[in-house]
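Engineer: The structure under discussion is supplied below as structure tokens; questions concerning it will follow.
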Amino acid sequence: QVQLVESGGGLVQPGGSLRLSCAASTIFVNWYKSAWYRQAPGKQREFVADMSSGGTVKYADFVKGRFTISRDNAKNTLYLQMNSLAPEDTAVYYCAAFGGTAAFWGQGTQVTVSS
Numbered sequence: 001q002v003q004l005v006e007s008g009g010g011l012v013q014p015g016g017s018l019r020l021s022c023a024a025s026t027i028f029v030n031w032y033k034s035a036w037y038r039q040a041p042g043k044q045r046e047f048v049a050d051m052s053s054g055g056t057v058k059y060a061d062f063v064k065g066r067f068t069i070s071r072d073n074a075k076n077t078l079y080l081q082m083n084s085l086a087p088e089d090t091a092v093y094y095c096a097a098f099g100g101t102a103a104f105w106g107q108g109t110q111v112t113v114s115s
């Protein structure tokens with residue numbers, strides 16, 4: 001059974017930073033397009049960033065150079081470094097892996113940006 005387990009969320013003040021992790025089991029994240037999405041209360045889930053199996057990265061416009069997606073193949077883990085966080089970044093953050101018709105999702109980790 002494929003598992004993607006996120007961690008690293010929490011409460012942070014505006015302007016602060018967090019690093020989210022997504023540990024994968026059963027699949028190798030570098031074989032898939034790996035991604036981060038988020039869902040704020042009352043809103044639809046939205047794309048944040050992704051990384052292809054070849055390492056090409058793409059970001060949502062609202063990231064504006066504040067977030068960095070990365071991958072550690074040896075640890076089979078995907079990361080999202082988030083800097084200059086703002087209250088509008090408050091959401092549940094999900095990692096995902098896509099390959100062919102397969103799509104795997106983690107359970108999400110809560111990020112709250114508040115003073």
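Numbered per this note's numbering, the sequence shown spans residues 1 to 115.
C-beta: ideal position from N, C-alpha, C; glycine also.
1) Mind checking who residue 81 pairs with in its DSSP beta bridge?
2) Taking residue 86 as the reference, give the member of 102, 44 and 112 with the closest Cα.
3) From which residue to which residue does the beta strand (DSSP E) around residue 37 run?
4) Please name the residue, chosen from 65, 114 and 22, that lies closest to residue 91 on a Cα-to-Cα basis.
5) Can you tell me where the beta strand (DSSP E) with residue 104 in it begins and where it stops?
6) What's the C-alpha gap between residue 69 and residue 60?
7) Give me, in chain order, the residues of the same chain whose beta-carbon lies closer than 7 Å to that of residue 1; leave out the 5 immediate sequence neighbours on both sides.
8) I'd like to confirm the pairing. Which residues does DSSP put opposite residue 63 in its beta bridges?
9) So what's residue 5 in DSSP terms, helix, strand or just coil?
10) Looking only at its own chain, which residues have a Cβ that is under 6 Å from the Cβ of residue 16, when we skip the five neighbours before and after it?
11) By Cβ distance, which residues of its chain are closer than 6 Å to residue 35, with the 5 residues on each side in sequence left out?
Structural biologist: So, from the listed chains and residues:
1) Sequence index remark: in the sequence shown, residue 81 carries index 81 (1-based). 19 and 68.
2) Counted from its first residue, the sequence shown places residue 86 at position 86. Of the listed residues, the one whose Cα sits closest to residue 86 is 112.
3) To locate residue 37, count along the sequence shown from 1; it is residue 37. Its beta strand (DSSP E) spans residues 33-39.
4) If you number the sequence shown from 1, residue 91 lands on position 91. Cα-wise, what sits closest to residue 91 is 114.
5) The residue you call residue 104 lines up with position 104 of the sequence shown. Its beta strand (DSSP E) spans residues 102-105.
6) Taking the sequence shown and counting its residues from 1, the one referred to as residue 69 is at position 69. Taking the sequence shown and counting its residues from 1, the one referred to as residue 60 is at position 60. Spanning the two alpha carbons is a distance of roughly 11 Å.
7) What you label residue 1 is simply residue 1 of the sequence shown in a count that begins at 1. Excluding sequence neighbours, residue 1 sits near 26.
8) The residue given as residue 63 occupies position 63 in the sequence shown. Note: residue 63 sits in no beta bridge, so no partner.
9) Within the sequence shown, residue 5 is the residue found at index 5, counting from 1. Three-state DSSP puts residue 5 in a strand.
10) As a working note, residue 16 is residue 16 in the sequence shown. The beta carbon of residue 16 sits closer than 6 Å to the beta carbons of 85 from its chain, once the five residues preceding and following it are set aside; these are given in chain order.
11) Taking the first residue of the sequence shown as 1, we reach residue 35 at position 35. So the qualifying residues of the chain are 50 and 96.
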